[in-house]
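Undergrad:
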Amino acid sequence: MSDRRLPRLLQTPAVILLLLWMLVPLSMTLYFSFIRYVLNSLRRPEWTQPSLSNWRGFGNYEYVLFKAKDFWLAVENSLFIVSSILVATVVLGLALAMLVNRTFPGRGIVRVLLISPFFVMPAVNAVLWINMILDPVLGLNGIAVGAINETVAGLRDFPVLGAFFSLWPVLEPISFRGTDTSAYAVIIMVTWQWTPFAVLIFMTSLQSEDEQQKEAAILDGANAWSRFRNLTLPHLARPIAIVVMIQSIFHLSLYAEIEIVSRGNGNKNLPYLIGEFTSNNIGAASATGIFAVILANIVAIFLLRMVGKNLMD
Amino acid sequence: MKLHNTALSLAMGVALSTTAAATELTIAIVNNGHMINMQKVAEAYTAETGVKLNWVSLEEGVLREQVTSDTATGGGQYDIINIGMQEAPIWGAAGWIEPLEFGADYDVDDILPAMRAGLSHDGTLYAAPFYGESSMVMYRKDLADAAGVTIADNDSWENVKAAAAAMHDPDNGIYGACLRGKPGWGDNGAFITTVANSFGAAWFDKDMKPQLDSAEWNAAVNFYVDLLSSYGPPGSEGNSFNEILALYNEDKCGLWIDATIAASFLENPNVAYAQSPNAGNPVGANWLWAWAMAVPAGSPNADASKAFIEWATSKDYVQAVAAHPDFGWGSVPTGQRASTYAIPEFQAVAKFAAAEMAAIESAAPEPTDLKPYVGVQFVAIPEFPEIGGAFGQEMAAALSGAKSVEDALAAAQAAADAIMSEAGYY
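Order-wise, the sequence lines are chains A and B. The letter at position 120 of the first sequence is residue 120 when you use our numbering, and the numbering goes up by one with no holes. The letter at position 68 of the second sequence is residue 1068 when you use our numbering, and the numbering goes up by one with no holes.
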């Protein structure tokens, strides 16, 4: 026994430090979520100090769930945004990785260009997309729609074809800051940013694929789709699981893109809702934080199972 | 140059009498033009007094978040903070910031009465205004003339709508009215509240019960949504000050109702000004705002901080900006002191000055029977940022057509009601 005691003793400080590192913020959040705690109050100054005498049980949770605005919208949107981005990045990432896995002139440059969106900072990404590309007046979106309308209007003057083009509608550019569209703007810009990450991971694992097996499959007369379906995809199962897991962790906590696109109008998630409460109501913000931890854990359980299964095979 | 030097020696005298040499002050500022300029102008202050200044320049929303949490918890990161009219009276009441008293040379009565009222609590000044603003109509005179319409001071909303309709020409990329739609209490919330004020609506009744379900609010918001969706640019729900300024400078807007400070950034020479439209309501239809400087309570450098604020918000500071080689009379901060408007050199470069002054003078932040709370385009209570945020999102939803005006106002009313009862008002 003594030969195991020393290493354990030496590990203890690190383990205690790690425990404190995790436990202190979490238990403070838990504590604040059960008391009345606001930054400033004209009516009830006693609520501005975090104290046990302001205990209110599940009151904050009740407020967040049933009285305050947008809790369920935030949960739905969190899941909608994360799952849409996951599907889009994995599909696009697979397709691009397969494409650039072939040899062609300029492959090095193409790969570098492909990876580069990943190095743009999230806030910069959002500002660029929403102002220069998606803006319905000054952005590419508005300019392109204007140009199409002008071309169609010009074609209407042609003798025979004109009648056909006069049936075409005048297009309206989509406003990506609107209530119904802002979540899509976030999905588009985050997908643009994170597809390179998926490409990078898939590209490296494609290079470890067994070429002899592929050649044998070709000799056996398997077509490209069946080679992809039966050889490449199983080979990529593990990297796909890793991409899905890492991205879920990152995208559950999206904030900058939501703030810049529409300030939470139609596209808020749980972190954004917490941010709204922190302007004064720390108790409600903490209760929402606990919900966010629970949601992240539910997602993590599913993901770990999936990844775990893949790693076992 | 002579005045410039007097300013510095005066400031030096104040600073030396209160602090030892080599004091360092950390100042949190909002990244607006006037504040950025102050960093350069204040180099002379450091040279004369030896007070070293560390600037932390932040975007408006981030600044509010940082400064609020730091001040609320007594963090002590900053010696001087930039706050606005929403914060000053309630933070003063909570004892978060120090009361400000300056010497006779400072001439506190020169500060515009509306500004003093908005930055005070119980008659004590808690923040000194660095610059102030109201809102007004800015419109393209050439387009209005071509369309044969005019916009008068305090015109009726119906006339303004008719003018917007006459200037509206989307096929040529010109939109009749550019107005704020981006969610936020300081964004679309500020503008819509001024429209609502002019329709006779108020945020709360005298028991602080939210009134967003009133007929006046309904009429005001219906008018706003109708005006902007008929004659506004596409994507208005994403536009606030900076976005509209970009559109206006691309010659895409007919009329714009926004902060008076915008006038100094407009590049088109054909701009004319008018006082905001009103249906004859005494609260008026223009807003009132000041970016001001305050000292967090318990700051160890409180005396040196107050000395700096006294210099930076003085008449002499205005002269120092005008005399600075990089700036001049076009760059002086406005809206804070009556004396600035009497300076001929300033009048010569600022053709919007008279309209700005009139707008500021007509706005009253004090509580009245009609509006039983402090504030014009906001309410000076700690819960308002949260309420105004929820309201702004609902208004953007109404503007983008995802909700009817009635549903959006009902949702905003429910949110405001929940927040107010949670905060213990009733």
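Note that CB positions come from ideal geometry on N, CA and C, so glycine has one too.
Find the nearest neighbour of Ile85 (chain A) within the set A:Ala198, A:Pro169 and A:Gly146, judged by alpha-carbon distance.
TA: What you label residue 85 (chain A) is simply residue 85 of the first sequence in a count that begins at 1. Among A:Ala198, A:Pro169 and A:Gly146, the Cα nearest to that of Ile85 (chain A) belongs to A:Ala198.
Undergrad: Return the chain-ordered list of same chain residues with a C-beta closer than 7 Å to the C-beta of Leu303 (chain A), the five sequence neighbours on each side being excluded.
TA: Working through the first sequence from its first residue, we reach residue 303 (chain A) at position 303. Closer than 7 Å at the Cβ level, and outside the excluded window around Leu303 (chain A), lie Val244, Met245 and Ser248.
Undergrad: Buried or exposed: where does Val1014 (chain B) fall if 16 or more other Cβ atoms within 10 Å of its Cβ makes it buried?
TA: As a position in the second sequence, residue 1014 (chain B) is number 14, starting the count at 1. For Val1014 (chain B), the predicted model reports a pLDDT of 48, less than 50, meaning its position is unreliable; a value from the coordinates is still stated below. For Val1014 (chain B), the number of other beta carbons within 10 angstroms of its own is at least 16, and it is reported as buried.
Undergrad: So what does DSSP say about Val1318 (chain B), is it helix, strand or coil?
TA: Looking up residue 1318 (chain B) in the second sequence gives position 318. Three-state result, Val1318 (chain B): helix.
Undergrad: Short of 8 Å in beta carbon distance, which residues of its chain neighbour Asn1005 (chain B), apart from the five on each side in sequence? Order them along the chain.
TA: Translated into the one-based positions of the second sequence, residue 1005 (chain B) becomes position 5. With a pLDDT of only 49 at Asn1005 (chain B), under 50, the local geometry of the prediction cannot be trusted, and no value is derived from it.
Undergrad: Pull up the distance between the alpha-carbon of Glu1059 (chain B) and that of Met1035 (chain B), whole angstroms please.
TA: For the purposes of this step, residue 1059 (chain B) is taken as residue 59 along the second sequence, with counting starting at 1. For the purposes of this step, residue 1035 (chain B) is taken as residue 35 along the second sequence, with counting starting at 1. Distance between the alpha carbons of Glu1059 (chain B) and Met1035 (chain B): 12 Å.
Undergrad: Hey, is Ala1423 (chain B)'s beta-carbon within less than 8 Å of any beta-carbon in chain A?
TA: The residue you call residue 1423 (chain B) lines up with position 423 of the second sequence. Ala1423 (chain B) has a beta carbon lying within less than 8 Å of a beta carbon in chain A.
Undergrad: With DSSP collapsed to three states, give me the class of Ala1415 (chain B).
TA: The count along the second sequence starts at 1 and reaches residue 1415 (chain B) at position 415. Ala1415 (chain B) falls in the helix class under three-state DSSP.
Undergrad: Of all Cβ atoms in chain B, is any one closer than 8 Å to the Cβ of Arg56 (chain A)?
TA: Here residue 56 (chain A) refers to the residue found at position 56 of the first sequence. Not one chain B Cβ lies under 8 Å of Arg56 (chain A).
Undergrad: Under a CB-based cut-off of 8 Å, is Thr1340 (chain B) close to chain A?
TA: As a position in the second sequence, residue 1340 (chain B) is number 340, starting the count at 1. No, Thr1340 (chain B) does not count as interfacial toward chain A.
Undergrad: State the DSSP-derived secondary structure class of Thr1006 (chain B), mapped to helix, strand or coil.
TA: In the second sequence, the residue the question calls residue 1006 (chain B) occupies position 6. Since pLDDT at Thr1006 (chain B) reaches only 48, below the 50 mark, its modelled position is unreliable, and no value is offered.
Undergrad: DSSP three-state label for Thr1124 (chain B), please.
TA: Here the question's residue 1124 (chain B) lines up with position 124 in the second sequence. Thr1124 (chain B): strand per DSSP, three-state reduction.
Undergrad: In whole angstroms, what is the alpha-carbon distance linking Gly1200 (chain B) and Ala1093 (chain B)?
TA: Within the second sequence, the letter at position 200 stands for residue 1200 (chain B). Within the second sequence, the letter at position 93 stands for residue 1093 (chain B). If I take the Cα positions, the gap works out to 28 Å.
Undergrad: Please compile the residues from chain A whose C-beta is within a distance smaller than 8 Å of the C-beta of Ile1381 (chain B).
TA: The residue you call residue 1381 (chain B) lines up with position 381 of the second sequence. Result: Leu42.
Undergrad: Any beta carbon of chain B sitting closer than 8 Å to that of Val243 (chain A)?
TA: Position 243 of the first sequence, counted from the first residue, corresponds to residue 243 (chain A). It does not; no Cβ of chain B falls within 8 Å.
Undergrad: Helix, strand or coil: how does DSSP classify Ser1135 (chain B) here?
TA: Residue 1135 (chain B) sits at position 135 when you count from the first residue of the second sequence. Three-state result, Ser1135 (chain B): strand.
Undergrad: Grouping DSSP H, G and I as helix and E and B as strand, with all else coil, what is Ala1011 (chain B)?
TA: Here residue 1011 (chain B) refers to the residue found at position 11 when the second sequence is read from its first residue. Note on Ala1011 (chain B): pLDDT 49, under 50, position unreliable in the model; no value is reported.
Undergrad: What does the Cβ neighbour count give for Arg4 (chain A), buried or exposed, with the cut at 16 atoms within 10 Å?
TA: Taking the first sequence and counting its residues from 1, one reaches residue 4 (chain A) at position 4. Classification of Arg4 (chain A): exposed, given that the 10 Å Cβ count is below 16.
Undergrad: Could you pull out every residue in the same chain whose Cβ sits closer than 7 Å to the Cβ of Gly1328 (chain B), ignoring the five residues on either side in sequence?
TA: For the purposes of this step, residue 1328 (chain B) is taken as residue 328 along the second sequence, with counting starting at 1. Once the five neighbours on either side are set aside, the close Cβ partners of Gly1328 (chain B) are Ala1322.
Undergrad: Closer than 8 Å is the cut-off here; do at least three beta carbon pairs connect the segment 1134-1148 of chain B with the segment 1162-1169 of chain B?
TA: yes
Undergrad: State buried or exposed for Ser208 (chain A), treating a residue as buried only when at least 16 other CB atoms are found within 10 Å of its CB.
TA: If you number the first sequence from 1, residue 208 (chain A) lands on position 208. Burial call: exposed.
Undergrad: Can you list, in chain order, the residues of its chain with a C-beta nearer than 6 Å to that of Val1376 (chain B)? Leave out the 5 residues immediately preceding and following it.
TA: Within the second sequence, residue 1376 (chain B) is the residue found at index 376, counting from 1. Excluding residues within five positions, the ones whose Cβ falls inside 6 Å are Trp1287, Leu1288, Ala1363 and Pro1365.
Undergrad: By the three-class DSSP mapping on this structure, what secondary structure does Pro1078 (chain B) have?
TA: Sequence index remark: in the second sequence, residue 1078 (chain B) carries index 78 (1-based). Note that residue 1078 (chain B) corresponds to Tyr in the displayed sequence, not to Pro. It is coil, neither helix nor strand.
Undergrad: How about Thr1193 (chain B): is its C-beta nearer than 8 Å to some C-beta of chain A?
TA: In the second sequence, residue 1193 (chain B) corresponds to position 193, counting from 1. False, the Cβ-Cβ gap to chain A never drops below 8 Å.
Undergrad: Tell me Val334 (chain A)'s beta-bridge partners as DSSP assigns them.
TA: A query on residue 334 (chain A) cannot be resolved here, the shown segment of chain A reaching from 1 to 313 and no further.
Undergrad: Please name the residues in the segment 1215-1235 of chain B whose beta-carbon is closer than 9 Å to at least one beta-carbon of chain A, in chain order.
TA: Pro1233, Pro1234 and Gly1235
Undergrad: Are the CB atoms of Ala1292 (chain B) and Ile1083 (chain B) within a distance shorter than 8 Å?
TA: Within the second sequence, numbered from 1, the residue matching residue 1083 (chain B) stands at position 83. Within the second sequence, numbered from 1, the residue matching residue 1292 (chain B) stands at position 292. Cβ distance < 8 Å, so Ile1083 (chain B) and Ala1292 (chain B) count as in contact.
Undergrad: Answer yes or no: does any C-beta atom of chain C fall closer than 8 Å to that of Val137 (chain A)?
TA: This model lacks chain C altogether, as its protein chains are A and B.
Undergrad: Are Asn281 (chain A) and Glu1133 (chain B) close, meaning C-beta to C-beta below 8 Å?
TA: Reading the first sequence from its first residue, position 281 is the one you call residue 281 (chain A). Reading the second sequence from its first residue, position 133 is the one you call residue 1133 (chain B). Glu1133 (chain B) is positioned such that its CB atom lies no closer than 8 Å to that of Asn281 (chain A).
Undergrad: By how many angstroms is the C-alpha of Gly59 (chain A) removed from the C-alpha of Asn77 (chain A)?
TA: In the first sequence, the residue the question calls residue 77 (chain A) occupies position 77. In the first sequence, the residue the question calls residue 59 (chain A) occupies position 59. About 25 Å.
Undergrad: For the alpha helix (DSSP H) holding Lys1141 (chain B), just list the boundary residues, first then last.
TA: In the second sequence, residue 1141 (chain B) corresponds to position 141, counting from 1. Segment Lys1141 to Ala1147, the alpha helix (DSSP H) holding Lys1141 (chain B).
Undergrad: Which residues in chain A sit within 9 Å of Lys1182 (chain B), going by Cβ to Cβ distance?
TA: Here residue 1182 (chain B) refers to the residue found at position 182 when the second sequence is read from its first residue. Residues of chain A passing the Cβ test: Arg177, Ser262, Arg263 and Asn265.
Undergrad: By Cβ distance below 6 Å, which residues in the same chain neighbour Phe34 (chain A) in space, the five residues on each side in sequence not counted?
TA: If you number the first sequence from 1, residue 34 (chain A) lands on position 34. Taken in chain order, the list of residues that qualify is empty.
Undergrad: From the DSSP output, in three-state form, read off Ala1246 (chain B) for me.
TA: Position 246 of the second sequence, counting from 1, holds the residue named residue 1246 (chain B). DSSP, reduced to helix, strand and coil, places Ala1246 (chain B) within a helical segment of the structure shown.
Undergrad: Closest to Ala1246 (chain B) by C-alpha separation, out of A:Ile298, A:Gly139 and A:Lys214, would be which residue?
TA: Looking up residue 1246 (chain B) in the second sequence gives position 246. Each of A:Ile298, A:Gly139 and A:Lys214 was checked against the Cα of Ala1246 (chain B), and the nearest Cα belongs to A:Gly139.
Undergrad: To the nearest angstrom, how far is the alpha carbon of Lys1002 (chain B) from that of Ser1276 (chain B)?
TA: Translated into positions along the second sequence, residue 1002 (chain B) becomes position 2. Translated into positions along the second sequence, residue 1276 (chain B) becomes position 276. Model confidence at Lys1002 (chain B) stands at a pLDDT of 43, short of 50, so the residue's coordinates are unreliable and nothing is read from them.
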